[in-house]
Amino acid sequence: MIILGLDIATTTGFAWYEPGSSLSTIKTGLIKAEGSNAEEKAASLSQQLVAMFRNSRPDFVAIEQPMRNVVSFKKTRETLAGPVEEQTVNPNALQLSSLSGAAVAIIAAYRIPWETIPSATWRKHFLGMGRSPGFDRAAWKRAAVERCRTLKIAVKNSDAAEAVGIAIAGKASQAFKMMQARAA
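Residues in the sequence shown are numbered from 0 upward in steps of one, following numbering that gives the first Met the number 0.
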């Protein structure tokens, strides 16, 4: 059984993991979604997943669950009249759902079982901690890369390292366990 882990973003990290094999055999890489807007990037990611599945199909796909809420924050913008405080959102957060939806559509069209895994879940499983005070986005990424290096898993960057964590946590997911039970 082969698990494909996906850390979906404009640069999507992926990891091919075969449970039971040496962790150093995990193959990783990156998919760069091209385009000038979220829809074009989603189409690009979809086309690249189709090309990937022509060469090799996973038995299961574990995907980092995109945030389910869009957090707004205050931002100060300088105008000719002086600073103006405005409420805004991170546009990348909106784009992640489009990219994830595109990936899930391709995966489902190939009838490959899949599951989304929250970041706190895969981090706890892979790194030993799900949420840690003082950890920011950069610290989590460094921790994933360091863990891969410790396990002798070759990764190009943190996106690929996080995909490794997602793939390994995918093995512990309920959907994967149920799929294995049906296959047995």
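Even glycine gets a Cβ: it sits at the ideal position worked out from N, Cα and C.
Between ALA41 and SER96, the gap from beta carbon to beta carbon reaches 7 angstroms or more.
A residue is called buried when at least 16 other Cβ atoms come within 10 angstroms of its Cβ; LYS170 meets this threshold and is buried. Judged by pairs of C-beta atoms under 8 angstroms, the stretch 135-154 does not touch the stretch 73-80, as fewer than three such pairs exist.
Apart from sequence neighbours up to five positions away, the residues of its chain that approach SER157 with a beta-carbon distance below 8 angstroms are GLY12, LYS140, ARG141, ALA143, VAL144, ordered along the chain. Each of LEU44, ILE62, ARG53, VAL83 was checked against the Cα of ILE2, and the nearest Cα belongs to ILE62.
Going by beta carbons, SER118 and ILE7 fall outside the 7 angstroms limit. Counting every other CB atom within 10 Å of its CB across the protein chains shown gives ALA37 a total of 16 or more, marking it as buried. At a Cβ-Cβ threshold of 7 angstroms, VAL60 and ILE111 count as neighbours.
In this structure, the beta-carbon distance from ALA101 to LEU29 does not fall below 7 angstroms.
When only Cα atoms are considered, TRP113 and PHE175 end up about 8 angstroms apart. Bounds of the alpha helix (DSSP H) holding VAL49 are 37-54.
Each of GLN47, SER20, LEU5 was checked against the Cα of THR27, and the nearest Cα belongs to LEU5. Counting along the chain, the unbroken beta strand (DSSP E) around ASP6 starts and ends at 2-6. Here ALA159 is actually not in contact with HIS124; their C-beta atoms are around 17 angstroms apart, not less than 8 angstroms. In this structure, ILE116 sits away from ILE152, with a CB-CB distance that is not shorter than 7 angstroms. Taking a contact as a CB-CB distance under 8 angstroms, the pair TYR109 and PHE52 counts as one, their CB atoms being some 6 angstroms apart.
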